[in-house]
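Notes follow the structure.
Number of protein chains: 2
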Amino acid sequence: MPKSPKSTAQSPRVRLKDVAAHAGVSVSTVSLVLNGAPRAEALAADTRERVLVAAGELGYRPNYLARSLRGKRTYSLGVLVPEISEGYTAGVMSGIEAELEPAGYTYLMVSHHSRATKLEESIRFLEDRGVEGLLVIGAELPGPVALPTVAVSGHRPIPGMTTVALNHDAAARGALAHLHDLGHRRLAVIRGYAGNVDAGDRWRAIQGAARELDLEIPPKLTVELRSRSYGESFDSEGGYREGFTIGRRLLETGEGFTALFAFNDITAIGATRAFLDAGLAVPQALSVVGFDDLGVTPFLNPRLTTVRQPLRDMGQAAARHLISHLDGGTPLGGRRLVEPQLIIRDSTGPAPG
Amino acid sequence: MPKSPKSTAQSPRVRLKDVAAHAGVSVSTVSLVLNGAPRAEALAADTRERVLVAAGELGYRPNYLARSLRGKRTYSLGVLVPEISEGYTAGVMSGIEAELEPAGYTYLMVSHHSRATKLEESIRFLEDRGVEGLLVIGAELPGPVALPTVAVSGHRPIPGMTTVALNHDAAARGALAHLHDLGHRRLAVIRGYAGNVDAGDRWRAIQGAARELDLEIPPKLTVELRSRSYGESFDSEGGYREGFTIGRRLLETGEGFTALFAFNDITAIGATRAFLDAGLAVPQALSVVGFDDLGVTPFLNPRLTTVRQPLRDMGQAAARHLISHLDGGTPLGGRRLVEPQLIIRDSTGPAPG
DNA sequence: AAAGTTTATTCAAACGTTTGAACTTTCGGT
DNA sequence: ACCGAAAGTTCAAACGTTTGAATAAACTTT
């Protein structure tokens with residue numbers, strides 16, 4: 012005998028109507044007072060007081076569904092993330108949450124798993140649930156969206172959409188300048204997976220910085236990742252293994268190089284292991300720079316030098332832009348860059364020789 | 012001049028009424044057909060067809076707000092997590108999401124930051140948003156909740172509430188038996204932070220297993236963590252440092268011991284470092300077992316032996332129980348244990364001597 | 001003392017659904 | 001030819017709010 016979920020003795024909710032009856036006024040009056048509407052100023056102070064007291068005594072709490080249905084505002088946003096379990100996502104989300112909560116917004120989160128069809132489907136899903144805007148993380152949208160949208164991470168410009176992205180130029184310049192200062196001149200690079208939103212921008216930035224600094228990145232020493240394998244995901248093992256084999260392959264090329272700049276920490280760690288296993292000390296024989304700054308990087312041996320993305324700040328900035336558009340009408344559009352930070356630890360050192 | 016968010020040319024949504032007009036029937040008919048209500052069977056096949064076509068042509072998509080307001084069901088749940096950026100949370104969430112999405116449920120997530128006041132506030136917040144049930148992760152509820160609730164992680168039994176928890180006995184027995192098999196007899200233990208929901212159960216389980224196996228855990232060699240410092244959080248550095256100092260302190264006691272069982276991986280890693288720095292090889296001089304199985308544990312040096320919690324499964328099980336109650340009336344209550352898995356790597360070895 | 005104005009409050013429609021009850025039309029049976 | 005039932009469809013209320021327009025009462029103004 013299926014039991015209705017409502018069967019849990021749920022004291023019937025107090026409605027505006029109940030408060031009105033208790034205070035001896037009309038429903039409209041109660042609504043006006045409780046919302047602090049400008050019109051409520053015209054009410055007798057005594058009436059306002061009575062309403063407030065009644066609402067307090069009955070423990071009135073508004074029905075957001077009804078309010079939204081009538082009022083057109085839902086104060087809820089949709090957040091599209093690549094994968095909820097990834098460290099990248101978690102970092103950005105913590106910023107989004109920090110910004111949204113005090114602003115009184117809720118959000119619905121859905122993972123798009125980097126699939127275009129799932130992405131579009133999810134957008135419709137969220138629209139249907141009445142979200143007022145979208146926060147899109149780590150995805151390339153096929154085109155403009157009907158809803159106000161702010162994207163986090165590399166995105167080719169779409170009119171009317173703000174993008175919050177890492178300053179890849181600064182990231183590349185910082186890391187490469189550091190290596191250059193240490194005397195390195197020939198560099199291996201692990202490029203991102205082609206489907207990754209950051210891969211293109213980052214690679215261009217690296218090439219630019221290398222040119223500026225007169226660093227050489229031989230084509231034979233640039234490898235592209237075959238899979239996603241972002242940071243602290245639960246399948247980080249794959250990224251590690253890929254880094255490991257890439258590291259070995261780089262050594263086998265026979266090309267001389269003294270430093271490696273990896274697309275992310277996890278592959279950097281894998282490659283480092285390959286180097287160590289081959290008898291090449293890091294950083295004495297070979298320097299390694301990662302990207303992301305996973306929580307554990309400082310505990311590795313050697314502690315990894317890496318570029319930290321301010322993920323939390325990025326999420327926060329994105330959320331802030333969106334609600335300031337929704338609440339205040341600030342126009343959306345353009346790019347906001349956030350600055351990376353080079354964290355120098357023990358995996359980089361003077362070039363040998 | 013603040014611009015209304017609605018100003019983005021948003022083609023006015025198609026309502027039931029529009030479909031009705033287009034198909035030449037009443038709103039009720041459309042509703043019946045589109046919902047596949049039993050009553051719709053009584054309608055002429057021709058009419059049903061016309062409605063379906065009309066809905067398709069106009070691209071009708073229901074308004075969930077209106078539907079929920081009228082129908083009493085919102086198909087949304089509230090998820091209370093300790094901290095959105097923690098690996099523990101991310102793992103459980105990925106299971107919850109996997110289960111909820113195909114079932115057509117949405118969820119609102121809020122972090123309680125392990126504060127009781129925030130927890131209660133959040134519950135009210137979620138109730139007000141019309142969630143039909145609650146998934147509570149890593150928190151001790153003060154008492155029964157009006158909403159159907161399933162908890163993940165240790166929770167003293169509350170009537171009418173299901174708890175999905177790790178089988179701590181199995182976890183402790185597995186880890187300790189492994190150490191016992193290797194010849195270890197005197198053990199150091201890092202206990203969890205008192206505020207952690209798992210700390211108590213785990214400690215009791217460890218004591219029980221130690222008694223069974225005749226392993227000694229001298230009081231001087233049991234230390235309690237002072238801070239949370241779960242897994243792959245962004246403040247994991249704190250946990251690492253705490254593990255490091257604890258490791259040093261354990262050595263300073265002068266008490267002999269050959270193995271350490273830590274409350275989590277991050278402190279295990281810190282302690283391991285302290286041991287290595289003191290010239291004690293792991294696992295030759297000292298064995299270390301962690302807990303959680305962070306994504307990077309296999310890449311450490313030595314690779315960490317640890318107890319893996321099936322976080323994703325736990326989230327999935329919790330979500331499944333809740334929706335099967337909501338949809339089918341399955342009664343809630345009791346405890347569902349999930350089994351841990353001991354992952355043997357290189358940080359454990361035969362006891363010296 | 002009628003007309004106008006201000007002050008305080010309420011009416012009632014609307015938001016987009018769902019659904020119990022009511023209404024027509026058609027039909028088979030007498 | 002009439003009745004009762006079956007078949008097909010619609011009415012209208014309800015869910016809990018918000019808000020433009022309307023009302024009533026009290027107070028000015030002339």
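Here the protein sequences come in this chain order: A and B. Per this note's numbering, the first sequence starts with residue 12, numbered consecutively. Per this note's numbering, the second sequence starts with residue 12, numbered consecutively. Glycine included, every Cβ here is placed at the ideal spot set by N, Cα and C.
Bridge-paired residues (DSSP) for residue i
i              : result
A270 (chain A) : A:L198 and A:S298
D303 (chain A) : A:R319
Q327 (chain A) : Q327 (chain A) pairs with nothing; no bridge assigned.
Helix, strand or coil at residue i [DSSP, three-state]
i              : result
S358 (chain B) : coil
L193 (chain B) : coil
Q320 (chain B) : coil
Y118 (chain A) : strand
L63 (chain B)  : helix
S87 (chain B)  : strand
R135 (chain B) : helix
V402 (chain A) : There is no way to answer for residue 402 (chain A), as the model of chain A reaches only from 12 to 364.
T19 (chain B)  : Because T19 (chain B) sits at a pLDDT of 35, beneath the cut-off of 50, its placement in the model cannot be relied upon, and the following sentence gives the value as read from the coordinates. If DSSP states are grouped into helix, strand and coil, T19 (chain B) belongs with coil.
G102 (chain A) : helix
R346 (chain B) : strand
G144 (chain A) : strand
P49 (chain A)  : helix
E263 (chain A) : helix
R252 (chain B) : helix
T58 (chain B)  : helix
A109 (chain A) : helix
L333 (chain A) : helix
L291 (chain A) : coil
R314 (chain A) : coil
P309 (chain B) : helix
G364 (chain B) : coil
G340 (chain A) : coil
E68 (chain A)  : helix
S247 (chain A) : helix
Start-to-end residues for the alpha helix (DSSP H) that takes in residue i
i              : result
E350 (chain B) : Unbroken run through E350 (chain B): none, as it is neither H nor E.
T9 (chain B)   : With chain B covering only 12 through 364, there is no way to say anything about residue 9 (chain B).
R284 (chain A) : D276 to D288
T40 (chain A)  : V38 to L45
V30 (chain A)  : L27 to A34
A77 (chain A)  : Y75 to G82
S125 (chain A) : Segment: none, S125 (chain A) is in no alpha helix (DSSP H) and carries neither H nor E.
Residue-chain proximity (residue i, chain B), Cβ-Cβ < 9 angstroms
i              : result
A77 (chain A)  : yes
E52 (chain A)  : no
V307 (chain A) : yes
G345 (chain A) : no
N275 (chain A) : no
D57 (chain A)  : no
D303 (chain A) : no
F286 (chain A) : no
N312 (chain A) : yes
T256 (chain A) : no
Cutoff 9 angstroms: residue i Cβ touching any chain A Cβ
i              : result
M325 (chain B) : no
K28 (chain B)  : no
N46 (chain B)  : no
T269 (chain B) : no
P113 (chain B) : no
D139 (chain B) : yes
P73 (chain B)  : yes
S238 (chain B) : no
At which residue ranges does the segment 146–229 of chain A contain complete alpha helix (DSSP H) runs of 4 or more residues, listed in the order of the chain?
179–192 and 210–224
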